[in-house]
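**Q** Residue numbers (our numbering): 1 to 87.
All C-beta atoms, glycine included, are put in the ideal place defined by N, C-alpha and C.
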Amino acid sequence: MSPFYFGNSLLYYLCRRLIIVNFKDKKMQQEEKVCLVCKRNEEMVPLVRVDYKKNTYWICPQHIPVLIHDPGQLEGLLPDAGNLQAG
Ligand SMILES: [Zn+2]
1 MSPFYFGNSL LYYLCRRLII VNFKDKKMQQ EEKVCLVCKR NEEMVPLVRV
51 DYKKNTYWIC PQHIPVLIHD PGQLEGLLPD AGNLQAG
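1. Which first and last residues belong to the alpha helix (DSSP H) in which residue 45 is found?
2. Looking at the unbroken beta strand (DSSP E) that takes in residue 55, where does it start and where does it end?
3. Leaving out five residues before and five after residue 63 in sequence, what residues of the same chain have Cβ atoms less than 8 Å from its Cβ?
4. Which of helix, strand or coil does DSSP assign to residue 77?
5. Assuming residue 50 contacts residue 57 (C-beta within less than 8 Å), just tell me the rounded distance between them.
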C-alpha cells in the first residue's frame, strides 16, 4: 500500500466526517421550532422553550396553560406528561 493511498483514504475519511457533522448541524437547525401542541412556528407565534428530560421543546403562549393546568393533555407529545402534576 503506498503512503498516498493511506493519505487519500484518511482525507476521504475526514471529509466524510466533516460532511456528516455539517449535515447533522443542518438537520438540527432545520428541526423547526414549533409549538408541541399546535405546531405553529416562531413566525406565527412567540415560542417559549421548555427543557425536559434532556430534550428541548417549544410551546406557544396559548398552550402554556395546558402545560401548567392540564399537562395530561400533552400525553404523547411530552414524555411522561400523564404523570406531571397540574399547577
Ligand atoms: Zn400552541
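**A** On the basis of the data shown:
1. Within the sequence shown, numbered from 1, the residue matching residue 45 stands at position 45. First-last for residue 45: undefined, no H or E at that position.
2. The residue you call residue 55 lines up with position 55 of the sequence shown. Start and end: 55-59.
3. Position 63 of the sequence shown holds residue 63. Cβ within range, chain order: 35, 36, 37 and 38.
4. Here residue 77 refers to the residue found at position 77 of the sequence shown. Under the three-state reduction of DSSP, residue 77 is assigned to coil, being neither helix nor strand.
5. Looking up residue 50 in the sequence shown gives position 50. Looking up residue 57 in the sequence shown gives position 57. The C-beta distance from residue 50 to residue 57 rounds to 4 Å, short enough to meet the 8 Å contact threshold.
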